[in-house]
Structure formats: structure tokens, C-alpha cells
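Read the structure below first, then the notes.
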DNA sequence: GCCGTTTTCGGCCCGACTGTTTTCAGTCG
């Protein structure tokens with residue numbers, strides 16, 4: 004372990020805390036694992052670097068963070084100062100395995116990881132896969148052939164995700180690097196391109212584009228950024244590096260006259276570019292990253308708008324550039340007017356400290372108001388979710404009363420009562436209709452029994468949607484990007500049911516959910532189904548996800564403002580939800 | 001190890017599911 008050149012980032016600190024949690028769990032230590040895990044979550048939710056907090060306020064400042072007490076604060080400070088956490092190193096020595104990697108395999112926890120090491124000497128996923136294939140795992144206690152199959156399936160799933168990262172884990176870094184590029188002397192324009200700009204849900208690598216006269220100087224500055232760990236290539240206009248987070252980043256430097264054409268080219272998608280070049284070709288033109296040319300004469304290239312215009316097309320928003328009909332729509336003048344960032348007025352899925360959220364109802368309301376929202380719905384978990392100490396009917400109604408009281412004190416902001424009720428195995432709900440009838444916003448969601456057959460799962464979800472009290476289907480496919488596949492669900496049938504019953508479908512904007520995903524959003528929109536774009540916030544810092552990631556997914560799904568119920572003012576949003584209920588009761 | 005409108009000790013992490021078992025350990029949310 005080399006000494007860190009720079010103080011560890013919040014993500015690195017969180018990872019260390021999470022690894023502590025896994026090792027402690029492995030040894031059956033009570034309560035501490037949860038404490039470390041909560042601290043890791045809190046560290047990740049911070050909006051400024053721990054190193055900065057520690058530099059300004061010392062140990063006390065770290066200790067003052069939520070979920071961080073004296074013990075964990077001391078370990079964090081040790082890590083910040085020395086790049087090491089001795090307790091963690093001791094645990095690693097005692098059980099020298101890649102505990103994070105192994106437990107990333109679904110269904111495999113730290114206890115099993117330890118047995119695998121002690122009995123078979125397995126230290127990492129590669130050795131685990133080999134052992135499963137050779138049938139050696141089935142000999143272990145509580146393991147059988149099925150266990151091996153499940154582990155292999157889990158490993159295959161992880162491999163399929165590959166090195167792609169969720170957009171939410173990448174976008175902040177991409178912005179930071181983009182900002183740094185702007186600051187380099189001589190840089191006229193700078194932009195992040197590639198799939199980040201198209202807001203794809205997962206990102207393979209980062210592409211940056213700069214317009215500057217002195218490419219060498221920019222490349223030099225880029226390659227010597229603190230998070231660069233390796234420089235693969237540094238040419239006249241192209242620099243390729245490996246970043247500390249394991250991703251590759253690509254920088255291109257072009258003259259300003261080519262910036263638009265290059266941005267178009269490096270934003271992609273490849274298929275969109277191919278289609279554009281075909282159009283150019285038909286006109287006897289040539290489109291490349293330097294511009295749109297007739298022979299040697301450049302017709303366009305300074306901006307993307309200029310290039311599109313010269314091709315006889317309106318500007319196509321990056322989120323649509325997948326060659327899935329946007330070129331035809333653009334030619335026909337039928338591109339949708341996409342919902343814009345900043346157009347959401349409310350948030351219809353919020354958890355609080357009544358269940359597994361971190362903050363009070365009022366704190367969430369004030370944080371939402373500070374973001375410019377006009378209303379939120381409080382949708383805490385319900386009874387069946389024991390881990391979140393789910394609300395029963397009495398608690399929900401007590402909360403609704405607390406919300407009524409709060410609303411009397413809030414100025415220019417409205418809090419709706421609500422719930423995130425569980426859809427049970429048979430499609431019934433875990434809260435009685437009489438209680439749901441008294442809530443303003445009812446979302447229903449799947450939280451268990453994910454492996455039902457498609458037929459069963461679809462019947463289950465449809466039955467819940469038929470309940471006249473259910474306004475919104477929350478995170479409809481229950482996937483977790485990179486961790487859990489979507490449930491087997493006939494989404495077309497769900498969309499048809501949403502249309503019939505007036506149920507709103509949610510885009511859950513938590514970065515690891517983004518559920519509904521873009522392609523389903525597009526189907527829903529074209530079927531005339533209404534959407535809600537919600538943060539699913541468990542902490543005030545999550546509220547921004549709705550506008551950042553939820554709107555991005557909506558745009559990728561061709562959604563307009565009119566398709567989104569929480570782009571409406573509070574009373575009209577609620578009225579739309581209630582209209583839908585009314586239609587269904589008749 | 002953290003936390004506190006039950007406040008410096010004593011709770012917190014509970015129920016369901018899975019795959020293995022024959023009474024249960026491990027994992028998940």
C-alpha cells in the first residue's frame with residue numbers, strides 16, 4: 004500500500020468504512036457493521052471533501068457529521084493523514100481476501116466469503132468462479148449445486164456490467180474535470196462529450212473536448228491532473244489517461260472552428276453520427292470531426308447548431324442521439340419539445356426519519372423549498388418492510404396529521420401526505436384501503452419476491468394498479484443498476500394498464516435505479532401515460548437527483564413537460580392524480 | 001460504534017426468503 008499522494012476522496016473513505024463493516028460482519032460482531040455502513044453512507048452524501056472539513060475543523064468537525072462518532076472520526080482522520088487505516092489493515096491481514104469484490108456477488112455475504120477462504124483458499128472472484136466450475140463449492144456446509152449455479156449467475160451478471168459505471172457515480176467527476184479544463188490558460192471552449200453528455204445510464208469512459216490554440220499545453224495540464232494515475236498516450240491532439248477511480252478519460256483538442264463538429268462527433272452515438280454522415284453524403288458533402296465540407300471548403304463546424312442547420316436539420320438534443328428515430332423526426336419537424344431541467348415543481352417520493360430516511364419531514368420540506376420546489380409528498384415505507392420499520396395504518400394517519408400541522412406553518416410550500424406501500428406476492432397491498440383513502444399520494448412498489456415468473460409478476464403489479472387508491476407505481480421494475488436485474492415484468496402490459504387505470508408511472512431518479520428506464524419511458528409517453536419524476540430521497544442531499552438524473556432519463560425517453568405530473572403546480576398535480584382515481588372508481 | 005423530545009447507558013437488527021437442512025445459517029432489504 005503506497006502512501007496517498009493526495010488525501011483520500013470521500014468515496015475512498017466511504018469504501019474503507021464499508022470494508023470495515025464487511026469484515027466486522029464476517030466475524031459476527033454485533034451492531035458495529037451497521038454503524039460503519041451508516042457512516043459510509045453519510046460520508047458519500049457530503050457535498051464537500053472530508054479533507055477540507057478536517058483541515059478547517061479538525062477531528063471535531065469530522066465527529067460532528069451525522070452517523071460519525073468519536074471512533075469512526077479518529078479512523079477517518081488517520082486515513083486522511085496517513086492514507087492508511089490500521090484497524091482495517093489488521094482485518095485484511097487476518098482474512099486476506101477481496102471482501103468487497105466477493106460480496107458484490109449477489110447472494111454471497113461476508114460469512115460465506117470467510118468459509119470460502121478458510122476451506123478452499125478462495126480470495127477473489129476469479130478463484131471463486133473456478134471453484135464453482137470445478138464443483139468444489141458444493142462440498143461446503145450449507146452449499147449445494149444450486150449455490151454454485153447462483154454464484155456463477157451472479158458473477159456473470161457482474162461481468163456483464165463490466166467496467167461501466169452508473170451515470171450518478173461519474174457525472175460529478177466529469178463536471179469537475181470539465182471545470183478544470185476551462186481554467187487552463189488558452190482554452191477557449193471545453194465540454195464533456197460521449198455518453199455522459201447523452202446521459203446514458205451507465206458510462207464506460209470519459210470524453211472531453213477542448214478548443215484551444217496550443218494543444219500541447221492543454222494536454223500537459225490534463226495529464227498532470229491529480230486524479231490521473233497513468234498516461235497511456237499523449238499525442239498532438241489526443242491524450243488518453245487512466246483516472247484514480249479506474250476509468251479511462253480521453254481528451255481531444257481542436258481549433259475553435261471545428262469545436263461544434265468535434266463535439267457532435269465525440270458525443271455520438273456512433274449510429275447517430277453514421278446517419279448524419281449518410282445525409283451529408285447524399286448532398287455531396289463530407290462530415291467529419293473537423294466540420295461539414297464541400298470538397299475542401301468548410302460549410303460548418305463552429306457549433307453543433309451550425310452543422311445541423313447546414314444539413315437541413317434542427318438541433319437534436321444529445322439525449323436523443325441514438326439513431327432510434329430522432330433523425331427522421333428531425334427531418335419531419337417532429338422532434339418533441341423535451342422537458343427541461345428546472346421544470347419540476349414537486350417531488351412525489353420522499354422518505355423521512357419516520358422510516359429509513361435520514362431527516363425529518365420538515366427538514367426535507369425546507370431542503371426541497373431551497374431547491375426551488377413548491378411541494379413534496381412524504382412517502383415512507385409501510386408495514387411489510389421490517390428493515391425500515393415500516394409504518395402501519397395508525398402511524399401513517401398520525402404522520403398525515405403531523406403533515407397537516409406542518410403545512411399550517413410553511414409558507415409558499417405544500418407537503419402532501421402519502422406512503423410507499425408494498426405490493427405483496429399476490430398483488431395485494433400491505434396497508435388497508437381505508438387508510439390509503441385518507442392519504443394524498445399513494446405509491447405502490449415491489450420490495451421482495453423479485454424472482455417471480457413474468458406471468459405472476461405482471462399479474463401482481465397489474466392487480467396493485469387496479470386498486471383505486473394507488474396513484475403511482477414507484478420504481479416499476481425494481482432494478483438496481485449493476486447489482487440487481489429488473490424483475491420479469493411485461494412492461495407493455497403495465498403501460499396499457501396505466502393508461503386504462505390512470506396510474507402514473509414513476510421515473511425513480513436514484514442514480515442506481517433510474518427506473519423506469521429510458522426505453523420504457525418512451526413507450527409510456529407514446530401511449531399517453533403520465534409520468535412522475537421523483538428523487539426517492541432518503542436524505543436532503545438526494546433531492547437534487549430528480550432534476551439531475553430523473554429529468555435526464557425523461558429526456559432520453561422523449562418526455563415533454565406535459566407528460567410529467569410533477570411539472571404541474573401543486574393543486575393541479577394533485578387534481579391530476581385524483582382525476583385518475585375518479586375515472587377508475589366509475 | 002452511534003445516538004439522545006425515553007439523553008451518557010442501553011437500545012439498535014427485524015422478518016422473509018433461500019438452500020440447505022430436520023431445525024437453521026446466511027443474505028437481503
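In the numbering used here, the protein residues as written are 4 to 589.
All residues carry an ideal CB built from backbone N, CA and C; glycine is no exception.
From a predicted model like this one, the values you see are computed outputs, not experimental measurements.
Selected residue, minimal CA-CA separation from residue i, among the options
| i | options | result |
| --- | --- | --- |
| residue 199 | 78, 560, 552 and 146 | 552 |
| residue 1 | 116, 368, 322 and 575 | Within the shown structure, residues of the chain are numbered from 4 to 589, placing residue 1 beyond reach of any answer. |
| residue 241 | 578, 218 and 57 | 218 |
| residue 375 | 349, 364 and 360 | 349 |
| residue 273 | 261, 297, 323 and 295 | 323 |
| residue 529 | 507, 520, 555 and 566 | 566 |
| residue 228 | 179, 261 and 543 | 179 |
| residue 233 | 497, 253 and 220 | 253 |
| residue 20 | 31, 34 and 38 | 38 |
| residue 358 | 342, 9 and 386 | 386 |
| residue 468 | 276, 558, 504 and 109 | 504 |
| residue 335 | 351, 139, 317 and 352 | 317 |
| residue 167 | 397, 175 and 207 | 207 |
| residue 501 | 249, 511, 527 and 384 | 527 |
| residue 12 | 340, 481, 498 and 176 | 176 |
| residue 371 | 537, 129 and 67 | 537 |
| residue 516 | 24, 169, 121 and 143 | 169 |
| residue 531 | 104, 223 and 508 | 508 |
| residue 214 | 543, 441, 67 and 184 | 184 |
| residue 158 | 68, 495, 488 and 424 | 488 |
| residue 550 | 295, 126 and 347 | 347 |
| residue 193 | 266, 510 and 345 | 266 |
| residue 32 | 562, 94 and 556 | 94 |
| residue 125 | 543, 304, 238 and 98 | 98 |
Residue i burial status per 10 Å Cβ neighbour count (16 or more: buried)
| i | result |
| --- | --- |
| residue 28 | buried |
| residue 431 | exposed |
| residue 576 | buried |
| residue 581 | exposed |
| residue 522 | exposed |
| residue 506 | buried |
| residue 71 | buried |
| residue 362 | buried |
| residue 573 | buried |
| residue 210 | buried |
| residue 331 | exposed |
| residue 149 | exposed |
| residue 34 | exposed |
| residue 4 | Note that residue 4 has pLDDT 37, beneath the 50 cutoff, so the model's placement of it is unreliable and no number is given. |
| residue 420 | buried |
| residue 103 | exposed |
| residue 384 | buried |
| residue 382 | buried |
Residue range of the unbroken beta strand (DSSP E) whose run includes residue i
| i | result |
| --- | --- |
| residue 192 | 190-195 |
| residue 214 | 209-215 |
| residue 509 | 507-511 |
| residue 535 | 534-537 |
| residue 243 | 241-246 |
| residue 290 | 289-291 |
| residue 119 | Segment 113-123 is the alpha helix (DSSP H) holding residue 119; no beta strand (DSSP E) there. |
| residue 296 | 294-297 |
| residue 303 | 300-303 |
Segment limits, alpha helix (DSSP H) that includes residue i
| i | result |
| --- | --- |
| residue 280 | 273-285 |
| residue 252 | Not the alpha helix (DSSP H): residue 252 falls in the beta strand (DSSP E), residues 251-257. |
| residue 523 | 521-529 |
| residue 311 | 307-313 |
| residue 234 | First-last for residue 234: 231-237, but that is the beta strand (DSSP E), not the alpha helix (DSSP H). |
| residue 95 | 89-97 |
| residue 1 | Since the first residue shown for the chain is 4 and the last is 589, residue 1 is missing from the structure and cannot be characterised. |
| residue 130 | 128-136 |
| residue 503 | 494-504 |
| residue 220 | 218-226 |
| residue 490 | No alpha helix (DSSP H) holds residue 490; DSSP gives it neither H nor E. |
Which runs of the beta strand (DSSP E) fall wholly inside the stretch 409-479 and span at least 3 residues, in chain order?
417-419, 421-425 and 444-448
So within the stretch 20-78, which uninterrupted alpha helix (DSSP H) runs reach at least 4 residues, ignoring any that extend past its ends?
35-48 and 53-66
With three or more beta-carbon pairs closer than 8 Å as the criterion, would you say the stretch 49-57 touches the stretch 79-86?
yes
Please give the ranges of any beta strand (DSSP E) in the stretch 320-398, keeping only runs that are unbroken, at least 3 residues long and fully inside the region.
349-353 and 378-381
Report yes or no: do three or more beta-carbon pairs, one from the stretch 449-463 and one from the stretch 400-412, lie closer than 8 Å?
no
Report yes or no: do three or more beta-carbon pairs, one from the stretch 266-286 and one from the stretch 38-49, lie closer than 8 Å?
no
Given 8 Å as the limit, is there contact between the stretch 429-445 and the stretch 471-484, that is, 3 or more CB pairs closer than that?
yes
Okay, do the stretch 81-97 and the stretch 114-121 touch, 3+ Cβ pairs below 8 Å being the bar?
no
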